[in-house]
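Asks: Protein chains in written order, with full-length UniProt numbering: chain A, 1 to 367; chain B, 1 to 539. Idealized CB from N, CA, C, for every residue including glycine.
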């Protein structure tokens, strides 16, 4: 073992003639390392002599790990093929298909990993090598030459001397750059305001696309809702009674229809009547608010009957149903829009008009 | 005619000659085989990310063979009876198909998801290692930036992947993403309309996310990972200070035989861990959530852990809406601040940190020796502050679950998060700086006076004193000669200087040779102080 005093690496060994037949293989390796500015400071076996007991033990253990790995891999393949895997309802053998695959493959890979690690850490000689980092920057001369070469390149092109080219390049390249971006942008951009009635401002309850007929409030299966269908203090989610009204095509339309208790309804009525927009929107003790949270658009679906609060499970905004669904806690800053209710001649709930306010998450140009 | 005999022993040499004649590889290959890598367990954290990425690519390719990225409405008719007859998108139906009707499909899906979580986790831990040891300093600023972009790409890869199955949870995530886009001033509605192809949710988003998830983002990740590793390779890895180690050398093991073998073994171990996780721990059981419906969501809908900090910030934001009473009026919703500005700041501030620190400390030198976190108290404090912020934000992303499980008021959890986000990070800064300085002082104390032995001696004059074991040479009176701190671990217990080693080592098997007393890292390096980097208290 040698230690350098001056930090000049590879200096611990003298250059040797690699064609010398007396050299051992390691001597040649060491010479190669020297040429890569590496000094092998220590490279010594972890065992005393060859074939020591300790070495044999390590070799046995590694061999065992390889065997375990092989066995587990074989087990994986067998399980993969023969274990009943097709899903059946109830408690069946197929429930264990994924765990058994994970355990067998995991054991196989893990044992192989440990075997290789043990080989490297326990069997291979301990090594300390020092390599020069070569982290000096290029020499001043090289920097100068490269810099001058690049400046020369610019000179030769002569853009500075030829102002016409300068302008021509700008005029030629800029449109081409835009042309490269145009298909992507042009293809993707959709004007959200292109319709006379932009989609942000109306929902499935809008009577205009429904031939001017007021839209019924329906359940998920399309059946219309009568006032008697909602018990006192109860609430149901309703959708516009138009084709596909309950699908994600009308993702902005789900509405919560609440049948308030008499006292709560009194409070709610006072609040809505006092409001310019929501005035007259309730029908009896029933009130309907958009279910789409004005914060981030999740369905605000947790209704707390006792406190008449509606909670959005995504970010915990809370809206007070008896006070125009005003936000009272959490990050939402805007109340839930009210859907004005009426009952048609057949006794089913209809929306008296579309939502008077914009539903869903806020955006810049919301009036 | 005489047949030439084939000399088997000569085959490798002949092949080698043939290859070198054509491609001239001998010299560069020698350099590669010989390259020296420094070794420390903390250098392997980034490897976990790399290995998880390989597993992600392998399992992901499998999943693409069965996944149908289409929002076409189909009626489920598979073996999972609870959903039979339910209308759903083809994407969700094919995800159920992978889970129930493809042999080993569920295992592969879970492996893909677990690998993704491990990928992001190891990136964060690796980043923390880089930060707290100052490995981002010149000349490695660019690689630090690339690392942050890799996290960002991983974040989006995770989010797009989370959205693909089109189950109840992923639809909710998409809805929030659309709301975040809408919250951007002026271009919000345009951006959302461009991404979703019109009104949310539209019919394009799964297909677009699919191509982003399987081609664009992985392509970017692959390219940047190559540059990341290439730079590590070209600039050579940093190393801890210690005996023989200077700013101008690399002390460690050559790539072959030992280092590469260890990497291979480690890869297998990581792969095996992911396989065990995938087999034993259920993740994202999409069949329980049902297809996405705009009207349905359950409580405890949490995103994957690396998105939770953002969800937490969004939850904690007060309802501060800014109105602009011009024309019909314009609004800036509160969602904009945590989701757009917050996310942007969380990615750009770390990118700027190397520049800020170098400017503040007027440090223009190149650093290849790492610093222990205690030797740069301010940096450690800033890091502790950032991680406290991140942790509170992440916990707040699950505050409804915490409130439910521990019977705490949900509103109290929100307020605790709001206050904690402002109060705890500065506190973490103060505490960690004090801890760093205390540890520095203790290091110097042990170097000056030796290790406390726990042996109390009574002096002839009646005083009691503890016997100290000097770490280096002593002067004529037996007092230790104070040693220099070289920026590496100072042994502080007697068994660290070899006092207990034999007893422990011989517990199960007799000790064949007496273990060599570990070379005390506190002994001044033989290269002399001139070649080392100056170690300061960092203040």
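Could you compute how far the alpha carbon of residue 409(B) sits from the alpha carbon of residue 402(B)?
Replies: 10 Å
Asks: Assuming contact is defined by CB atoms lying nearer than 8 Å, are residue 225(B) and residue 50(B) in contact in what I supplied?
Replies: yes
Asks: If you measure from the beta carbon of residue 340(A) to each beta carbon in chain B, is any gap under 8 Å?
Replies: no
Asks: Classify residue 353(B) as buried or exposed, calling it buried when 16 or more other Cβ atoms lie within 10 Å of its own Cβ.
Replies: buried
Asks: Taking just the CA atoms, how far does residue 47(B) sit from residue 131(B)?
Replies: 17 Å
Asks: Per DSSP, what are the beta-bridge partners of residue 39(A) in this structure?
Replies: 130(A)
Asks: Taking DSSP as the reference, what is the three-state secondary structure of residue 518(B)?
Replies: The pLDDT assigned to residue 518(B) is 43, lower than 50, so where the model puts this residue is not dependable; a value taken from the coordinates is nonetheless given after this. In the structure shown, residue 518(B) sits in coil (DSSP, three-state: anything other than H, G, I, E or B).
Asks: So, are the CB atoms of residue 331(A) and residue 243(B) less than 8 Å apart?
Replies: no
Asks: If the cut is a Cβ gap below 8 Å, which residues of chain A does residue 320(B) touch?
Replies: The contacting residues are 333.
Asks: Beta-carbon within less than 6 Å of residue 356(A)'s beta-carbon, same chain only, minus the 5 sequence neighbours each way: which residues are those?
Replies: 277
Asks: Identify which residue in 105(A), 345(A) and 316(A) has its Cα closest to the Cα of residue 415(B).
Replies: 316(A)
Asks: Applying the criterion that 16 or more other CB atoms from any shown protein chain within 10 Å of the CB defines a buried residue, is residue 233(B) buried or exposed?
Replies: exposed
Asks: Output the distance between the C-alpha atoms of residue 339(A) and residue 77(B), rounded to the nearest integer angstrom.
Replies: 37 Å
Asks: Tell me which residue opens and which closes the alpha helix (DSSP H) that residue 191(B) is part of.
Replies: 188 to 196
Asks: Buried or exposed for residue 20(B), please, with buried defined as at least 16 other CB atoms from any protein chain shown within 10 angstroms of its CB.
Replies: exposed
Asks: When the cut-off is 8 Å and only beta carbons count, does residue 387(B) lie next to chain A?
Replies: Judged by the 8 Å Cβ criterion, residue 387(B) is not in contact with chain A.
Asks: So, using beta-carbon positions, are residue 425(B) and residue 388(B) closer together than 8 Å?
Replies: yes
Asks: Strictly by DSSP, which residues pair up with residue 303(A)?
Replies: 310(A)
Asks: Taking only runs that begin and end inside the region 202 to 288 of chain B, name each unbroken beta strand (DSSP E) of 3 or more residues, in chain order.
Replies: 249 to 254
Asks: Quick check for students: name the residue ranges of the alpha helix (DSSP H) that lie wholly in the region 343 to 380 of chain B, counting only runs of 4 or more.
Replies: For the region 343 to 380 of chain B, whole alpha helix (DSSP H) runs of length 4 or above, ordered along the chain, are 343 to 360.
Asks: In this structure, how does DSSP classify residue 67(A) when only helix, strand and coil are distinguished?
Replies: DSSP places residue 67(A) in helix when its eight states are reduced to three.
Asks: How about the region 371 to 381 of chain B and the region 124 to 141 of chain B: do they share at least three Cβ pairs that are nearer than 8 Å?
Replies: yes
Asks: For residue 408(B), which of helix, strand or coil comes out of DSSP?
Replies: For residue 408(B), the three-state secondary structure derived from DSSP is coil.
Asks: CA-CA distance, residue 304(A) and residue 175(A)?
Replies: 59 Å
Asks: Could you compute how far the alpha carbon of residue 459(B) sits from the alpha carbon of residue 451(B)?
Replies: Cα atoms of residue 459(B) and residue 451(B): separation of roughly 19 Å, rounded to the nearest angstrom.
Asks: Could you tell me if residue 482(B) is buried or exposed, where buried requires 16 or more neighbouring beta carbons within 10 angstroms of its beta carbon?
Replies: Here residue 482(B) is exposed, its C-beta having fewer than 16 other C-beta atoms within 10 Å.
Asks: Find the residues of chain B that neighbour residue 135(A), judging by a C-beta separation of less than 7 Å, and give them in chain order.
Replies: Per Cβ cutoff of 7 Å: 248, 366 and 368.
Asks: Name, please, each residue of chain B whose Cβ falls closer than 9 Å to the Cβ of residue 98(A).
Replies: For residue 98(A), the neighbours in chain B by C-beta distance under 9 Å run, in chain order, 104, 106, 107, 110, 278, 279, 280 and 282.
Asks: Cβ closer than 7 Å: which chain B residues qualify as neighbours of residue 150(A)?
Replies: Per Cβ cutoff of 7 Å: no residues; residue 150(A) is ~21 Å from chain B at best.
Asks: Output yes or no for whether 8 Å exceeds the beta carbon distance between residue 46(A) and residue 126(A).
Replies: yes
Asks: Between residue 309(B) and residue 60(B), what straight-line distance do the alpha-carbon atoms span, to the nearest angstrom?
Replies: 26 Å
Asks: Taking DSSP as the reference, what is the three-state secondary structure of residue 453(B)?
Replies: strand
Asks: Looking at the unbroken beta strand (DSSP E) that takes in residue 324(B), where does it start and where does it end?
Replies: That run of the beta strand (DSSP E) goes 322 to 324.
Asks: Can you pull the chain B residues whose beta carbon is under 8 Å from the beta carbon of residue 296(A), in chain order?
Replies: Ordered by position in chain B, the residues that pass the 8 Å Cβ test against residue 296(A) are 175, 176, 179, 180, 314 and 335.
Asks: Could you tell me if the beta carbon of residue 229(A) falls within a distance shorter than 7 Å of some heavy atom in the ligand ADP?
Replies: The model on display carries no ligand, and the ligand ADP is accordingly not part of it.
Asks: Could you give the uninterrupted runs of the alpha helix (DSSP H) lying entirely in the region 463 to 494 of chain B, keeping only those of 4 residues or more?
Replies: none
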